[in-house]
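*Asks:* For the sequence shown, numbering that gives the first Met the number 0 begins at 0 and goes up steadily by one. We put the CB at the ideal spot given by N, CA and C, even for glycine. Quick caveat, the model's predicted, so the values are computed rather than measured.
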Amino acid sequence: MSIVTFSNNDKKETGQTLSVAAIATIMAIEHNYKILILSTDFNDRTMESMFFKTNGIEKNISSLFQIKADTTDVSNGIEGLVRLFASNRAEASLISTYARPIFTGRLDLISSPRTKEYSSYQTISNYFSQVAELANSIYDLVIIDLSRKVPRENIERVYNVSTMICMGLPQNRSSIQEFRELENENKFYQQKNIMLTMGKYNDKSRYTAKNTARYLGKKVKPFVVPYCIRFADSCSESEIVDYILKIRNLSFMDGEDGKFYQSVKDSAERLDYQRRVIDFGIE
0 MSIVTFSNND
10 KKETGQTLSV
20 AAIATIMAIE
30 HNYKILILST
40 DFNDRTMESM
50 FFKTNGIEKN
60 ISSLFQIKAD
70 TTDVSNGIEG
80 LVRLFASNRA
90 EASLISTYAR
100 PIFTGRLDLI
110 SSPRTKEYSS
120 YQTISNYFSQ
130 VAELANSIYD
140 LVIIDLSRKV
150 PRENIERVYN
160 VSTMICMGLP
170 QNRSSIQEFR
180 ELENENKFYQ
190 QKNIMLTMGK
200 YNDKSRYTAK
210 NTARYLGKKV
220 KPFVVPYCIR
230 FADSCSESEI
240 VDYILKIRNL
250 SFMDGEDGKF
260 YQSVKDSAER
270 LDYQRRVIDF
280 GIE
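(1) Is the Cβ-Cβ distance between residue 138 and residue 33 less than 7 Å?
(2) Does the pairing of the stretch 168-181 with the stretch 144-157 give three or more beta-carbon distances under 8 Å?
(3) Use the C-beta contact count for residue 73: other C-beta atoms within 10 angstroms, 16 or more gives buried, fewer gives exposed.
(4) What's the gap between the Cα of residue 36 and the Cα of residue 274?
(5) So residue 223 and residue 197 are in contact, right, with Cβ under 8 Å, and what is the actual spacing, rounded?
(6) So, with DSSP's three-state summary, where would you put residue 156?
(7) Count the CB pairs spanning the stretch 80-98 and the stretch 256-273 that are closer than 8 Å, and state whether there are at least three.
(8) With distance defined between alpha-carbon atoms, name the residue in 132, 154, 256 nearest to residue 39.
(9) Can you give me the start and stop residues for the beta strand (DSSP E) that residue 200 sits inside?
(10) Which two residues bound the contiguous beta strand (DSSP E) that contains residue 277?
(11) Just the Cα atoms here: how many angstroms apart are residue 231 and residue 259?
(12) Confirm, please, whether the CB-CB distance from residue 267 to residue 46 is below 7 Å.
(13) Nearest by alpha-carbon distance to residue 189: which of 100, 208, 216 is it?
(14) With residue 263 and residue 22 assumed to form a contact (beta carbons below 8 Å), what rounded beta-carbon distance in angstroms separates them?
(15) Please report the straight-line C-alpha distance between residue 235 and residue 95, rounded to a whole angstrom.
(16) Would the beta-carbon of residue 140 fall within 7 Å of that of residue 1?
(17) Less than 7 Å separating the beta-carbons of residue 131 and residue 149?
(18) Going by alpha carbons, who is nearest to residue 254 out of 238, 229, 278?
(19) Find out if the Cβ-Cβ distance for the pair residue 128, residue 82 is shorter than 7 Å.
(20) Could you tell me if residue 105 is buried or exposed, where buried requires 16 or more neighbouring beta carbons within 10 angstroms of its beta carbon?
(21) Look up residue 36 in the DSSP assignment and give the residues it is bridged to.
Below, the structure is given as structure tokens:
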């Protein structure tokens with residue numbers, strides 16, 4: 000049981016939420032894990048909209064997986080959990096009650112807070128780390144999409160409970176150099192549980208994962224999620240699950256779709272291995 004947090008310090012777009020959605024979905028398909036995604040953004044329903052239509056009703060998908068109809072009152076999501084914590088009534092068994100099922104028994108989502116008041120969001124964010132810790136007792140893997148809008152002290156609380164922290168790194172020279180300087184100046188970024196992730200990845204760039212790892216002196220290459228227009232369109236149309244299930248049997252030789260699936264699958268496998276090494280000492 001592990002908590003993996005996706006985060007970034009860069010002001011540039013890193014494709015973090017898209018990466019979390021892709022990796023979590025493919026990991027849920029490929030492994031018999033029970034996974035929870037915890038979305039933490041402020042006034043942004045991007046993660047939720049990738050999986051669910053705007054009216055809150057889940058699309059009916061024919062697949063090998065049992066897709067549960069969504070009957071969750073989403074207004075009770077993270078806010079409902081916070082009320083439980085505030086009244087000392089929070090129990091691990093109740094976590095799934097406040098989550099939205101994507102794949103029954105495999106992948107759930109706790110959507111980001113619905114409040115549009117930043118002061119309320121700040122209060123809710125105090126509980127992100129506690130929700131993750133409690134969920135970790137009943138899920139095999141808790142994946143946190145950590146927003147930069149979370150107050151710094153609460154970001155650090157989430158980091159403190161995380162098994163592994165995947166820092167987003169834009170695929171360009173200045174960002175890679177800035178990270179190298181940051182790593183040299185701050186011991187936090189030298190920790191063994193800090194990994195790198197490149198979203199919207201383009202393997203034609205000279206700043207490949209392999210070259211980046213070499214430049215930074217790292218043994219583990221960044222996890223990558225390639226840019227794929229059909230994946231991006233599917234996310235914007237709430238059809239990410241349909242899309243991924245349709246391409247799951249494709250290979251690297253089967254065009255952009257196959258290359259996307261296999262690349263993300265490889266990143267998910269490597270991420271899973273690294274978090275088990277850190278959490279359980281598996282070599």
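*Replies:* According to the data block:
(1) Position 139 of the sequence shown, counting from 1, holds the residue named residue 138. Position 34 of the sequence shown, counting from 1, holds the residue named residue 33. Taking 7 Å as the Cβ cut-off, residue 138 and residue 33 qualify as a contacting pair.
(2) Too few Cβ pairs lie closer than 8 Å, so no.
(3) Along the sequence shown, one-based indexing puts residue 73 at 74. For residue 73, the pLDDT reaches just 44, beneath the cut-off of 50, and the residue's location in the model is therefore unreliable, although a value from the coordinates is still provided. Label assigned to residue 73: buried.
(4) As a working note, residue 36 is residue 37 in the sequence shown. As a working note, residue 274 is residue 275 in the sequence shown. The alpha-carbon atoms of residue 36 and residue 274 are separated by roughly 16 Å.
(5) Translated into positions along the sequence shown, residue 223 becomes position 224. Translated into positions along the sequence shown, residue 197 becomes position 198. Contact holds; Cβ gap of about 5 Å.
(6) For the purposes of this step, residue 156 is identified with residue 157 of the sequence shown, where counting begins at 1. Note: residue 156 maps to helix in three-state DSSP.
(7) no
(8) Here residue 39 is taken as the residue at index 40 of the sequence shown, counted from 1. Checking every option, the nearest Cα to that of residue 39 belongs to 154.
(9) The residue you call residue 200 lines up with position 201 of the sequence shown. In the DSSP assignment, residue 200 falls within the unbroken beta strand (DSSP E) covering 193-200.
(10) As a working mapping, residue 277 is identified with position 278 in the sequence shown. Element bounds for residue 277: not the beta strand (DSSP E) but the alpha helix (DSSP H), 254-279.
(11) Your numbering for residue 231 matches position 232 in the sequence shown. Your numbering for residue 259 matches position 260 in the sequence shown. Their Cα atoms are separated by approximately 11 Å.
(12) Walking along the sequence shown from the start, residue 46 turns up at place 47. Walking along the sequence shown from the start, residue 267 turns up at place 268. Not closer than 7 Å, so no.
(13) For the purposes of this step, residue 189 is identified with residue 190 of the sequence shown, where counting begins at 1. Nearest C-alpha to residue 189: 216.
(14) By one-based count along the sequence shown, residue 263 stands at place 264. By one-based count along the sequence shown, residue 22 stands at place 23. Approximately 6 Å separates the beta-carbon atoms of residue 263 and residue 22; this is inside 8 Å, confirming the contact.
(15) Walking along the sequence shown from the start, residue 235 turns up at place 236. Walking along the sequence shown from the start, residue 95 turns up at place 96. If I take the Cα positions, the gap works out to 26 Å.
(16) Sequence index remark: in the sequence shown, residue 140 carries index 141 (1-based). Sequence index remark: in the sequence shown, residue 1 carries index 2 (1-based). A contact, by the Cβ cut-off of 7 Å.
(17) In the sequence shown, counting from the first residue as 1, residue 131 sits at position 132. In the sequence shown, counting from the first residue as 1, residue 149 sits at position 150. In this structure, the beta-carbon distance from residue 131 to residue 149 does not fall below 7 Å.
(18) The sequence position of residue 254 within the sequence shown is 255, counting from 1. Among 238, 229, 278, the Cα nearest to that of residue 254 is on 229.
(19) Position 129 of the sequence shown, counting from 1, holds the residue named residue 128. Position 83 of the sequence shown, counting from 1, holds the residue named residue 82. Taking 7 Å as the Cβ cut-off, residue 128 and residue 82 do not qualify as a contacting pair.
(20) On the sequence shown, position 106 is the one that residue 105 refers to. So residue 105 counts as buried.
(21) As a position in the sequence shown, residue 36 is number 37, starting the count at 1. Residue 36 is bridged to 108, 142.
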